[in-house]
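From first to last, the protein sequence lines are chains W and E.
Numbering-wise (this note's numbering), the first sequence opens with residue 681 and increments by one.
Numbering-wise (this note's numbering), the second sequence opens with residue 681 and increments by one.
Note that beta-carbon positions come from the ideal geometry of N, C-alpha and C, so glycine has one too.
So the structure is just underneath, and the comments pick up after that.
Protein chains: 2
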Amino acid sequence: MAQIVADRRDIDFVLHEQLDVENLCKYGKFAEFNRKTVDMIVSEARNLAIKEMLPALKIADEEGCKFDKGIVKVPEPFHRIYQLFREGEWIAMCDDPEWGGQGMPSTVSLAVKNYFHGANFPFVLNILLSHGAGKLIERFGTDKQKKLFLKKMYSGEWGGSMLLTEPEAGSDVGALTTTAVKNEDGTYSISGSKIFISSGEGDLTKNIIHPVLARIEGSPVGTAGISLFLVPKIWVNDDGTLGEPNDIVCTGIEEKMGIHGSPTCSITLGGKSTTQGGGYQCRGTLLGQENRGMRAMFVMMNEARLDVGMQALGCASASFLNALNYARERVQGKHLLHNIKSSSADKNSGDSRLCVSNVKESAGVPIIQHPDIRRMLLNMKVYTEGCRSLLFYIGMCEDRLRIIDDAAKVDNSKNSNLNNKNSDVDNISDQNGQKRYYQGMIDFLTPIGKGYVTDKAFEVCSLGIQVYGGYGYTKEYPQEQYLRDCRITQIYEGTNGIQAMDLLGRKLGLNNGEAFNNFVSEIKKIIKTAEEISELAELAQKTDSVIKKFEQTANHILNMTKTDTKSNQIMTAYSHAYSFMEVTGDLTMAWMLLWRAVAAAKNLDNINSSKVSSKKQDESFYKGQIANAQFFVTNYLPITLGKMDVILQSDSVAVDITDEMFGGR
Amino acid sequence: MAQIVADRRDIDFVLHEQLDVENLCKYGKFAEFNRKTVDMIVSEARNLAIKEMLPALKIADEEGCKFDKGIVKVPEPFHRIYQLFREGEWIAMCDDPEWGGQGMPSTVSLAVKNYFHGANFPFVLNILLSHGAGKLIERFGTDKQKKLFLKKMYSGEWGGSMLLTEPEAGSDVGALTTTAVKNEDGTYSISGSKIFISSGEGDLTKNIIHPVLARIEGSPVGTAGISLFLVPKIWVNDDGTLGEPNDIVCTGIEEKMGIHGSPTCSITLGGKSTTQGGGYQCRGTLLGQENRGMRAMFVMMNEARLDVGMQALGCASASFLNALNYARERVQGKHLLHNIKSSSADKNSGDSRLCVSNVKESAGVPIIQHPDIRRMLLNMKVYTEGCRSLLFYIGMCEDRLRIIDDAAKVDNSKNSNLNNKNSDVDNISDQNGQKRYYQGMIDFLTPIGKGYVTDKAFEVCSLGIQVYGGYGYTKEYPQEQYLRDCRITQIYEGTNGIQAMDLLGRKLGLNNGEAFNNFVSEIKKIIKTAEEISELAELAQKTDSVIKKFEQTANHILNMTKTDTKSNQIMTAYSHAYSFMEVTGDLTMAWMLLWRAVAAAKNLDNINSSKVSSKKQDESFYKGQIANAQFFVTNYLPITLGKMDVILQSDSVAVDITDEMFGGR
């Protein structure tokens, strides 16, 4: 049966055969989980996604969100799905059970999210912000704040959002002007205007808890003077009952290219209090420490960015499977070899892979048999599957961190089961080292998991239209919506340009390059394993020569950013930051796809030596994994080499030219 | 003043400084035109585009086309613009004045279309099909058909469309099933169903003339048995009066991602005649010869594909200028060098190009000063301007053909003024040779002008969103609409995959490779000129080494398609056809941008030696042209080299794998 939304076989492969997620369950933190429960969770999520969320995808796109006098209504079918989410406890999958979370490994939650985002990411967006706001409270809140808000947010009784961006402070958060004035009772009065607030208002929940970035009167300018506040839509009394509504007004929602089911709100805080005097107030409580708001936001950023990558991958994964199914069913055109007037060659080739002999002279064939369609599908496949492995792997690193933190709580001795020989990092025996290792890996890979993945997902969605031809452009099929929805992911949670700057400016030199070195070492490790497998040896060697040049390139561009060089060079380096992100992403894909191929080759070997029984389908799947690696290494890495040449040449014309030379005056 | 829709300075540069369009006016065919009239035409078109068409862009997107019981209404503001188009006689700009055309050079009409498409391409789509249908009649119609239909179509009194695609015959036109049965009076009764018919129905005109592809009963299967018919919506009597309506029913319009102002119709011909018996008929007359319908369509194809390229470029050109203006105005973030904690370097650099010394420590700067924004803008600039030159150049080749045809009519002697020493082709002195030269150039460049240009335009439109950040995703700005509208251009008039197959399968070996060789020679000619200009010499040499490898690559892939090799190799070659189109496009860009740089360098030289007086703006413009070439050659051609390596390696995995290995079962 055709798969939709996401390929379950591939998800299982990543979870169990590539990443061995069950290994996590050996640790106390995840002792409640095992292969069976993991599979059940994924199956349940898949059912919910396909049966309930997917049918609402188009309806919500057409219906959109409605705004009228401060009130926002989300698409009607979202209410039912929201109840199902609450009942299934899908909102706080990985969070602390003490506060209503499910304590699930992040790796598994990403498999769930692959289905959810692929089926209806505009719906999920309504949940994500709730969860993110809750997470901030779990992480930085006082016990009182947690008790007042957290369980209700994690259970979905109340929602949450995140008030960050202002009209004149988009990517430059430090320029914000929203202010907070301390009241005598310790609360703060907040006033200002915020824009682009996903789920800033809505009718899914009775109350919404808004974390708000604002500057306390007298605090320093820039990011160093920003604090974080919790401002509920309706005030929550100390006994948990609801008080007066706060002076928070939604002044409008954006009309957007896509994600129509997610209200993007403009919000005024304390506007009536300022203009209409007494009787109105917009009160909040400090979340975390004064002037440390940006730090708190940055802590949450990794998770949010990983979610954005997964939203994009959800779109790509669904678009790919739709295109694949369509290409298998749509009969159109003759087989190419019948279109070419000839010849003894194709009749005598005996190449049964092409099925030439089975095709009647004048019969049309399913378009999957056309070489250019195959090129598109294989392109979609390598990026969908490579990016899936990357995101799940980042989740796995988070799970390792959680295990370490948990073990540290339980037992501070060095003899804890962290030194389990199954650990991925054999050469790091101390907890702090392991922690730095995984945190560094997450930090380094986050701009790739956000910036590179969303770029590639957008390309996949565009190919997903192209495979359908004219039909792909119509609303009869979901392909055009996946493209429109996906496009936001390159912009929000830090534009992809900012991801590229983050990679070059913060991550490449992180801990004196330790994170980068670990990244390179992991790739080399896979290369070494692949070299010993006959069908992968050549691919491994090719990748090895690319990684050597990559180290040289990274070194080169990092040196250019050092401030003891000329300022023009710093600017030039940053004008190549985007290319460097692309190159790093390409290497990450090669790593993930080789890793997959290694796992597949081993399993194929077991099948061939009859160590395990197998279905024919398994064999095809594994061979498809080896084909992925071959396609990527042979068809993309030579282009990566070209991109590295560009960075190594470091042409400065984009920096050198004057504004006038851009023309258009 | 900021330019919008298209950069007039750049359009003038291509027309006059790069292509010397006035040279065309030396020939009888275009004797009515000169620099002054050309400039006036472009100015008028620009006014109409900016004042009338652009304001309706968003309105029409929101309002869309309405369908109710067979009746189609286009967006309301289109009626007024349509009248202005009729009054200004913009419908048949280049066509024979005998039938109401304006006889304008194609090159100039492309400048006009750049403005029209950039301002409102969904509107223009309503006109284009009328014109294309008229052109078919002008080219293949009998005198009677021309007299009955043509003037009314070229004047816009009646519309036209093109009924080609069927539900089961999309890209595979030969599979169509619409039939024609000859009646006693010499007319044909047509019956069948057609889809994806732009302007197949509408309320801009009283009558619509439909060229329809159908198979006469008993004709061969496939493309060899297809004929072309003229089927008017309302029958036209021999005296020109209107008769009975034909049995042509619009059964619905598509809901689409974009181009909402252009109705995409499903049409049933002769449906009532079949199901409801007498009293209904769908009659048409044969256009051209029996069974030669596909040939007629192919003749029109070059023009239609060039138009599609121009639609995409219109979107890109407007998106680029919007982004450029926005980046100059939008203040956001500090200058990068102030964000990096330092240092003596940026204070002492004295690099005034960066304006560092003029920026206050804490002040925000317009985002055009950020390196990654500059990268995006320069990327948009090189493709917008390079593609503009390419399309105008193809138009210029068409004009040369028209001059040759005209001269052949007027004077068959070999001493005609065609041997004018200003001719671009010094080494071809005979008319047939010249004709083959220009026709070959048009044929070879058409898949690039359609496939490559629309791909790059889509990328430009996507960057056009990205420069705006979150605002680019909202409907407050036109950027997201340009992306949605632009997306269709990669699909219709032959998907870009088909363009790639056309380039490899038909064009690369055309006339024993003569067209390809001429293409390469033209590039080498520019390289040689550039080598003699000091600031371009290095770029010329770099391009020269790329063109050598390109010849090798072209040779390699062409040989793979030869049928005396293995069939698997043919399939593999076509799986790399798209890459080959991209590589050819890259070389075309390098050619156009170097050509521009040569023209600019010469003019700069004149300014420096005070041979001509100049505005500072001119100087910046010319330097911007040299920067374009540098940016492209240094930042893109190394990647082109990588793409050529991929083609030379000719990996066959996309062809080799079985359908099952794609997964998704």
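Local conformation of residue i per DSSP, three classes
i, result
"W/Trp1417", "Residue numbering for chain W in the displayed model covers 681 to 1345; residue 1417 of chain W lies beyond these limits and cannot be assessed."
"W/Cys1166", "helix"
"W/Ile1337", "coil"
"W/His1256", "coil"
"E/Asp748", "strand"
"W/Tyr1063", "helix"
"W/Cys962", "coil"
"E/Glu1347", "Since the first residue shown for chain E is 681 and the last is 1345, residue 1347 of chain E is missing from the structure and cannot be characterised."
"E/Tyr868", "strand"
"E/Ser851", "coil"
"W/Lys1295", "coil"
"E/Asp700", "coil"
"E/Glu846", "strand"
"W/Ser1290", "coil"
"E/Thr1154", "strand"
"W/Thr858", "coil"
"E/Val1011", "strand"
"E/Ser723", "helix"
is_contact[residue i, chain E] using C-beta, thresh 8 Å
i, result
"W/Thr1154", "yes"
"W/Ser873", "no"
"W/Lys1061", "yes"
"W/Ala1270", "no"
"W/Lys709", "no"
"W/Lys1222", "no"
Any chain W beta carbon closer than 8 Å to residue i
i, result
"E/Phe1301", "yes"
"E/Phe1072", "no"
"E/Thr1314", "yes"
"E/Ile1048", "yes"
"E/Pro1318", "yes"
"E/Val1039", "The pLDDT assigned to E/Val1039 is 39, lower than 50, so where the model puts this residue is not dependable; a value taken from the coordinates is nonetheless given after this. Judged by the 8 Å Cβ criterion, E/Val1039 is not in contact with chain W."
"E/Asp690", "yes"
"E/Val1326", "yes"
"E/Asp1182", "no"
Contact check, residue i vs residue j, beta carbons under 8 Å
i, j, result
"W/Ile1207", "W/Thr1223", "yes"
"W/Val916", "W/Gly964", "no"
"E/Ile947", "E/Cys962", "no"
"W/Ala682", "W/Asn1005", "yes"
"W/Ile928", "W/Leu908", "no"
"E/Cys1166", "E/Ala1137", "yes"
"W/Met773", "W/Leu809", "no"
"E/Ala998", "E/Tyr762", "no"
Residue i at chain B interface by Cβ criterion, 8 Å
i, result
"E/Asn1191", "Judged by its chain identifiers, the structure shown contains no chain B, and its protein chains are W and E."
Count the CB pairs spanning the region 853 to 860 of chain W and the region 778 to 795 of chain W that are closer than 8 Å, and state whether there are at least three. no
State whether the region 1003 to 1011 of chain E contacts the region 1134 to 1147 of chain E, with contact taken as three or more CB pairs (one from each stretch) at a distance under 8 Å. yes
For the region 1187 to 1197 of chain W against the region 958 to 978 of chain E, are there 3 or more C-beta pairs whose distance is under 8 Å? no
Return the chain-ordered ranges of every beta strand (DSSP E) run that is complete within the region 1193 to 1255 of chain W and spans a minimum of 3 residues. none
Contact between the region 705 to 717 of chain W and the region 814 to 825 of chain W: three or more CB pairs below 8 Å? no
With three or more beta-carbon pairs closer than 8 Å as the criterion, would you say the region 1070 to 1081 of chain W touches the region 1277 to 1289 of chain W? no
Hey, which unbroken runs of the alpha helix (DSSP H) at 4 residues or more fall wholly within the region 875 to 960 of chain W? 951 to 955
Contact between the region 987 to 1002 of chain W and the region 1121 to 1141 of chain W (3+ Cβ pairs under 8 Å): yes
Can we say the region 685 to 702 of chain E touches the region 1118 to 1137 of chain E, given the rule of at least three CB pairs closer than 8 Å? no
Below 8 Å, can you find three or more Cβ-Cβ pairs linking the region 1173 to 1189 of chain W to the region 1197 to 1207 of chain E? no
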